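Colleague:
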C-alpha cells in the first residue's frame with residue numbers, strides 16, 4: 040500500500056478502536072476522546088476499549104481490542120506509557136494497520152522512553168502497520184467528521200480547504216479554533232505527527248498534496264528527519280498548491296526547547312531557509328502569519344501582478360499600507376489617467392487624488408457607503424490594478440456609516456481581483472466575520488497584515504511563473520530540473 | 040504662557056465653542072461634533088455656533104462666536120475651507136487662545152490651501168493664540184471627558200495611563216476603540232496634530248511628559264519639522280516615562296503617500312532610526328506593536344532582568360516563546376536547582392523538567408488549574424526568574440479546564456513580576472478581557488507578541504540603567520550629557 044493509502048486509514052477511518060477511553064464525562068476537562076469524537080459527529084463504527092466496562096456513553100465496550108468484533112481501520116491508543124507496547128502488539132495481532140499513540144514519555148523523554156519508541160516502531164513495521172505519534176493529539180478531518188483529539192471540538196460548520204501538519208498538540212486545536220478576528224481558517228484537515236517515530240511530515244505532506252479537498256497546506260516544523268525526502272515531497276506539493284511553513288527552534292533558546300519537546304534536531308536555520316526556499320515553500324515568522332497567509336490562499340483568487348490599490352477613510356492608515364507594499368514586494372498601483380479623471384469628479388477640487396485613495400473627502404455630499412462603492416468600481420476596473428486592500432472602521436452598535444460591507448462583497452464578486460480588508464473598531468469581530476462569510480474576502484487586524492497577505496499571493500505567483508519558464512526550458516534543453524532551481528525570493 | 044499651559048486649554052477646556060456644528064443628529068453618520076461631545080459626558084460650558092439656529096440639541100446656539108457670552112477657552116472649527124480664515128479672525132477677536140481646525144484642504148492640498156494655512160498661523164501668532172490642525176480630529180481626554188472628534192465615542196469607562204500623539208484621524212479613534220483582543224489600552228489622552236501648522240508633536244510631547252495622568256506615551260510620526268527641538272523634548276520625556284514611536288513613510292511607496300496626506304517630509308529612515316534611538320525612544324514596526332507595548336508599559340511593573348519563565352499546556356507553543364526570547368533580547372530563565380527539585384515532584388518521573396515548563400503532564404492526577412497554580416508559585420518564587428509568560432487555551436463555553444484565570448491573577452498580585460499571557464481558542468476575547476480587568480496582566484494573541492512585550496520592558500530598563508550610569512559619570516567628570524549618548528539597542 041502507498042503512503043497515501045496508509046494516511047487515508049488515519050484521516051478517513053471507517054471504524055476506530057478507542058483504547059484507554061475514560062469513563063469520566065463532563066463538559067469541563069473529562070479529556071474523553073470518545074465523548075469528543077461523538078460531539079464531532081463521527082458517523083463510523085466506534086469500539087471503546089476499557090477493561091471492566093460493558094458500555095461507555097451508550098456504546099458497547101470491550102475489555103481488549105482483540106475481543107472487539109470485525110475489522111478495525113484505526114486504533115487510538117491513550118494508555119499509560121508501560122502499557123503502550125503490549126497494546127501495539129495486540130493491535131497488530133488484530134490486524135489493525137493504523138495506530139495513533141497519544142501517550143507521552145517516549146522519544147520526548149528518558150532513555151527508557153526512547154527504547155520503548157524504537158521497539159514500538161519495530162513491532163509495527165514488522166506487521167506492515169503505521170504509527171502516528173507518540174506524543175500527539177493525532178488527526179482531525181472536518182470532512183470525515185473524525186478527530187482523535189481528547190479535547191472537545193465543536194461540530195465543523197464549514198469545510199475549509201486548508202490542511203495543517205504540525206508537531207504539537209496545538210495542531211489539532213487549530214482545527215476549528217476561533218481566533219480573535221474573522222472566521223478560523225487553518226486546518227479542516229490537521230495531522231499532528233508528534234515525535235514522528237514513523238509517519239512524518241513528508242508522509243502527511245504527500246497525502247495532502249494529492250488530496251482534492253485541500254487547497255493550501257500549512258506546516259509547523261520543529262525538525263525534519265529525512266531532509267532529502269522532505270524536499271522532494273515538498274517541491275512536488277508546492278507545484279500544485281501553496282505550502283507555508285513555520286519553522287521553529289530558530290534561536291538557541293528555541294533549539295534547546297525543541298530538544299526537550301519532541302526530541303527533534305532543529306538543524307541550522309540558514310540551511311532550513313535555503314531548503315524551504317528551494318522547495319518553493321513560503322516561510323512565515325510566527326503563528327499569526329501562518330494563519331494570515333493560509334486564509335489568503337484559501338479565500339482569494341491568484342494575484343496576477345504586484346499592483347495594489349488602497350481604499351481608506353483614514354489617510355494615516357493608507358500611509359501604513361503603502362509602507363507595507365514596499366516591505367512585502369508589492370507596488371502601489373499607478374492608476375491610469377482615465378481612472379484619475381473619473382476619481383477627481385467625486386472629490387473636492389483642492390484634493391490631490393491618488394493611490395492610496397483617501398475616500399473620506401468624497402463623502403461630504405454622498406453617503407460614504409455609496410461613494411466607497413463608486414470609488415471601488417472605478418479603481419477595480421482599472422487594468423493597472425491587480426488587487427485592493429480596504430480599511431473598514433466599525434464604530435459602536437448601530438453606527439455603520441463607515442462599513443461598506445455589502446459593497447465590498449459586491450466588488451469582490453464582480454471583479455475577481457484579490458481583496459483584503461483591515462477591519463478595526465468596536466465591532467470589528469462581527470464585521471470581519473460577516474465579510475469572510477462571503478467566502479471571497481480575507482480580513483486582517485492591521486494594515487500591514489492585510490498587505491502582507493497579498494504579498495504572499497504574489498510571491499507564490501512569481502514562483503509558479505519561474506517554474507513554468509524553467510519547465511519550458513527543460514523541455515527544450517532536456518536537462519536541468521525544476522526541483523534543483525534555487526529560487527530567490529521575489 | 041508656557042506650551043504646557045497652552046496645551047491645557049486644548050485638553051482640559053472649561054468652555055468650548057463648536058463652530059460649524061451640524062443640525063443633523065442620528066446614530067449613524069451625523070458626524071455631529073456636539074452630539075459626540077455630549078455623548079462623551081463633557082461637563083464644561085458649550086457654545087454651539089450656527090447661523091440661523093437658536094437651539095441645537097437642547098443648547099442655546101449663537102450665529103457667530105463673537106455673539107456668544109463669556110470667555111471661551113477653546114474653539115473647534117469645522118466650517119468649509121473658504122470660511123476658516125474669517126472664523127479664525129473672529130475667534131482671535133473674541134480673545135480665544137486655542138483653536139482646533141478640523142477642516143481639510145490646506146497644507147495637505149493645493150497651493151491655495153498652503154497659502155491659507157500660512158495666513159491662519161500668522162493671524163493666530165499675532166494674537167498669541169495656538170492652533171491644532173488643520174486636517175485633524177483634534178484631541179481626546181478621557182479624564183476631562185472632552186473630545187473634538189466628529190464620530191461618537193462611548194463614555195470612557197476606565198481612565199488609562201496612556202497618551203497618544205498622532206498625525207491622522209485614527210489617533211482619536213484609538214481613544215476608546217475596541218481591538219480584537221483584550222481591553223483597549225492606547226489613548227486616554229490623544230492629540231492628532233494633523234498638518235501641525237502650529238502645535239506639533241514636540242509641543243504635545245512636552246505636555247504629556249509633565250502630565251501625571253500619563254505613564255506611557257505612544258507616537259505616530261509621519262514627519263517632524265523641528266528635529267532638534269523634538270529630540271530635546273523626547274530625550275527629556277524618555278527619562279521619565281517610556282516613549283514608543285511608530286514612524287511611517289519608511290519606504291518609497293510610504294513616503295509618497297505621506298506627502299499627499301499631511302504634506303510632511305518623511306526624511307531618511309536611517310536618520311530617524313538613529314535619532315529615535317538616541318532620544319531613548321522605542322521604535323515599533325506597526326500599529327499592533329504600538330498597542331502591544333503601550334499595554335505592557337501601562338499594566339506591568341518594570342522588568343528587573345531579562346530572564347523569562349514560560350508556562351504552557353502545549354509544548355509546541357513553549358518552543359515558539361523560546362524562539363521569541365532569543366529574538367527580543369531576553370533569555371529563558373535558568374531555573375535554580377531548588378526550583379527544579381520542587382517541580383520534579385509534580386511531574387511524571389520520565390519527564391525532563393525545564394523552562395519552558397510544559398505543565399500538562401503534571402495534570403494527570405491533579406486538576407490543571409491547581410497544578411498550574413503550584414507550578415506558577417514555584418517558578419515565580421525563584422530569584423532567577425524576572426518575568427513569566429503563560430499560555431492560556433480557552434475551549435468552548437463551559438469548558439474551562441485550561442483557564443487558570445483566577446490563579447494567574449493571584450500570581451500577578453503576589454509576586455509583582457511582569458506577567459504576560461498568550462490567550463487563544465474560542466473564548467479568547469472574554470478570557471483576555473477578564474485577565475486584563477485585574478489591571479496586572481497584559482494579554483496577547485500570539486506567543487511571539489507576549490514575549491516581545493516583555494522584551495520592550497527590558498529594553499527600557501537597560502536604557503534607564505545606562506542613563507543613570509551616565510549621569511553618575513557626568514556628575515563626577517562635569518562633562519558630557521545624557522542626551523548626547525548614542526545608545527545601542529540592548
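Residue numbers (the working numbering), protein chains in the order written: chain L, 40 to 529; chain E, 40 to 529. Cβ coordinates follow ideal geometry from the N, Cα and C atoms, glycine included. Note that the structure is predicted; figures quoted are calculated from it, not measured.
When Cβ atoms are compared, which residues of the segment 101-133 of chain E fall closer than 8 Å to chain L?
Modeller: Along the segment 101-133 of chain E, the positions whose C-beta sits under 8 Å from a C-beta of chain L are 120, read in chain order.
Colleague: Any Cβ of chain L within less than 7 Å of the Cβ of residue 377 of chain E?
Modeller: One-based indexing of the second chain puts residue 377 of chain E at position 338. Cβ-Cβ to chain L under 7 Å: no for residue 377 of chain E.
Colleague: Is the beta carbon of residue 56 of chain L sitting closer than 7 Å to the one on residue 137 of chain L?
Modeller: Locating residue 56 of chain L in the first chain gives position 17, counting from the first residue. Locating residue 137 of chain L in the first chain gives position 98, counting from the first residue. No, these two residues do not count as a Cβ contact at 7 Å.
Colleague: What's the gap between the Cα of residue 434 of chain E and the Cα of residue 202 of chain E?
Modeller: Walking along the second chain from the start, residue 434 of chain E turns up at place 395. Walking along the second chain from the start, residue 202 of chain E turns up at place 163. For residue 434 of chain E and residue 202 of chain E, the distance between alpha carbons rounds to 35 Å.
Colleague: Excluding the 5 residues preceding and the 5 following residue 477 of chain E in the sequence, name in chain order all residues of the same chain whose CB lies nearer than 6 Å to its CB.
Modeller: Counted from its first residue, the second chain places residue 477 of chain E at position 438. Closer than 6 Å at Cβ, skipping near neighbours: 448.
Colleague: Which residues in the same chain as residue 59 of chain L place their Cβ atom closer than 6 Å to its Cβ, once the five residues preceding and following it in sequence are excluded?
Modeller: Along the first chain, one-based indexing puts residue 59 of chain L at 20. So the qualifying residues of the chain are 117 and 118.
Colleague: Counting pairs of beta carbons, one from the segment 346-365 of chain L and one from the segment 410-429 of chain L, are three or more of them closer than 8 Å?
Modeller: Result yes; three or more Cβ-Cβ pairs closer than 8 Å.
Colleague: How would you label residue 376 of chain E, buried or exposed, when you count the other beta carbons within 10 angstroms and need 16 or more for buried?
Modeller: If you number the second chain from 1, residue 376 of chain E lands on position 337. So residue 376 of chain E counts as exposed.
Colleague: Listed in chain order, which residues of the segment 474-492 of chain E have Cβ atoms closer than 9 Å to some Cβ of chain L?
Modeller: 484, 485, 486, 487 and 488
Colleague: Buried or exposed: which applies to residue 105 of chain L, given that a residue is buried once 16 or more other Cβ atoms fall within 10 Å of its Cβ?
Modeller: By one-based count along the first chain, residue 105 of chain L stands at place 66. Answer is exposed; the Cβ neighbour count stays below 16.
Colleague: Going by Cα to Cα distance, which pick from L:440, L:111 and L:89 is closest to residue 410 of chain L?
Modeller: Indexing the first chain from 1 puts residue 410 of chain L at position 371. Ranking L:440, L:111 and L:89 by Cα distance to residue 410 of chain L puts L:440 first.
Colleague: Please name the residue or residues paired with residue 255 of chain L in a DSSP beta bridge.
Modeller: Counted from its first residue, the first chain places residue 255 of chain L at position 216. Bridge partners of residue 255 of chain L: L:201.
Colleague: At a CB distance below 8 Å, what residues from the segment 287-316 of chain E approach chain L? Give them in sequence order.
Modeller: 287, 288, 289, 290, 291, 292, 293, 295, 296, 297, 299, 300 and 301
Colleague: Along the beta strand (DSSP E) that carries residue 295 of chain E, what are the first and last residues, could you check?
Modeller: Taking the second chain and counting its residues from 1, the one referred to as residue 295 of chain E is at position 256. Note, residue 295 of chain E: premise wrong, no beta strand (DSSP E); alpha helix (DSSP H) at 291-300.
Colleague: Between the alpha carbons of residue 80 of chain L and residue 123 of chain L, how many angstroms are there, rounded?
Modeller: Reading the first chain from its first residue, position 41 is the one you call residue 80 of chain L. Reading the first chain from its first residue, position 84 is the one you call residue 123 of chain L. The alpha-carbon atoms of residue 80 of chain L and residue 123 of chain L are separated by roughly 27 Å.
Colleague: Of all the residues that make up the segment 406-440 of chain E, which are near chain L by a beta-carbon distance shorter than 8 Å?
Modeller: 406, 407, 432, 434, 435, 437, 438, 439 and 440
Colleague: How would you call residue 403 of chain L, buried or exposed, if buried means at least 16 neighbouring beta carbons within 10 angstroms?
Modeller: Along the first chain, read from residue 1 onward, the residue named residue 403 of chain L stands at position 364. It is exposed - the Cβ of residue 403 of chain L has fewer than 16 other Cβ atoms within 10 Å.
Colleague: According to DSSP, is residue 84 of chain E helix, strand or coil?
Modeller: Residue 84 of chain E sits at position 45 when you count from the first residue of the second chain. Here residue 84 of chain E sits in strand by DSSP.
Colleague: Note down, in chain order, every chain L residue with its Cβ under 8 Å from the Cβ of residue 391 of chain E.
Modeller: Taking the first residue of the second chain as position 1, residue 391 of chain E is located at position 352. Under the 8 Å cutoff, chain L gives 148, 149 and 299.
Colleague: Return helix, strand or coil for residue 175 of chain L, following the three-state DSSP convention.
Modeller: Here the question's residue 175 of chain L lines up with position 136 in the first chain. DSSP places residue 175 of chain L in coil when its eight states are reduced to three.
Colleague: Taking DSSP as the reference, what is the three-state secondary structure of residue 323 of chain L?
Modeller: Along the first chain, read from residue 1 onward, the residue named residue 323 of chain L stands at position 284. When secondary structure is reduced to three states using DSSP, residue 323 of chain L falls in the strand class.
Colleague: At least one CB of chain L closer than 7 Å to the CB of residue 171 of chain E: is that the case?
Modeller: By one-based count along the second chain, residue 171 of chain E stands at place 132. Chain L, which has no Cβ nearer than 7 Å to the Cβ of residue 171 of chain E, makes this no.
Colleague: Could you tell me whether the Cβ atoms of residue 320 of chain E and residue 277 of chain E are closer together than 7 Å?
Modeller: Mapped onto the second chain, residue 320 of chain E falls at position 281. Mapped onto the second chain, residue 277 of chain E falls at position 238. The answer is yes: Cβ separation under 7 Å.
Colleague: Buried or exposed, going by whether 16 or more other CB atoms sit within 10 Å of the CB of residue 107 of chain L?
Modeller: Stepping through the first chain from its first residue, residue 107 of chain L is reached at position 68. The residue in question, residue 107 of chain L, is buried, as its Cβ has 16 or more Cβ neighbours within 10 Å.
Colleague: Considering only the beta carbon of each residue, do residue 530 of chain L and residue 241 of chain L sit closer than 7 Å?
Modeller: With chain L covering only 40 through 529, there is no way to say anything about residue 530 of chain L.
Colleague: Just checking: is the beta-carbon of residue 395 of chain E within a distance shorter than 7 Å of some beta-carbon in chain L?
Modeller: Counting from 1 along the second chain, the entry for residue 395 of chain E is found at position 356. Yes, its Cβ sits closer than 7 Å to a Cβ of chain L.
Colleague: Starting from the C-beta of residue 353 of chain L, find all residues in its chain whose C-beta is less than 8 Å away, skip the five residues before and the five after it, and write them out in chain order.
Modeller: Stepping through the first chain from its first residue, residue 353 of chain L is reached at position 314. Excluding positions up to five away in sequence, the list reads 397, 399, 430 and 432.
Colleague: Using CA atoms only, rank isn't needed, just tell me which of L:405, L:238 and L:498 is closest to residue 41 of chain L.
Modeller: Here residue 41 of chain L refers to the residue found at position 2 of the first chain. Closest by alpha carbon: L:238.
Colleague: Using C-beta distances below 7 Å, list every residue in its chain close to residue 112 of chain E, excluding the 5 sequence neighbours before and after it, in chain order.
Modeller: Taking the first residue of the second chain as 1, we reach residue 112 of chain E at position 73. Here the set comprises 48, 52, 53, 54, 55 and 137.
Colleague: How many whole angstroms separate the CB atoms of residue 172 of chain E and residue 234 of chain E, which I take to be in contact at a CB cut-off of 8 Å?
Modeller: Your numbering for residue 172 of chain E matches position 133 in the second chain. Your numbering for residue 234 of chain E matches position 195 in the second chain. Indeed, because the Cβ distance is near 6 Å, the residues count as touching under 8 Å.
Colleague: Along chain E, which residues have their Cβ under 9 Å away from the Cβ of residue 370 of chain L?
Modeller: The residue you call residue 370 of chain L lines up with position 331 of the first chain. What residue 370 of chain L touches in chain E: 292.
Colleague: Using C-beta distances below 6 Å, list every residue in its chain close to residue 494 of chain E, excluding the 5 sequence neighbours before and after it, in chain order.
Modeller: In the second chain, counting from the first residue as 1, residue 494 of chain E sits at position 455. Result list for residue 494 of chain E: 367, 368 and 369, in chain order.
Colleague: Between residue 559 of chain L and residue 482 of chain L, what straight-line distance do the alpha-carbon atoms span, to the nearest angstrom?
Modeller: Residue 559 of chain L lies beyond the stretch modelled for chain L, which goes from 40 to 529, so this question has no answer here.
Colleague: Return the residue from the list E:356, E:206 and E:148 that minimises the CA-CA distance to residue 284 of chain E.
Modeller: Walking along the second chain from the start, residue 284 of chain E turns up at place 245. Nearest C-alpha to residue 284 of chain E: E:206.
Colleague: So is residue 198 of chain L buried or exposed if we call it buried at 16+ other beta carbons inside 10 Å?
Modeller: For the purposes of this step, residue 198 of chain L is taken as residue 159 along the first chain, with counting starting at 1. Exposed: under 16 other Cβ atoms inside 10 Å.
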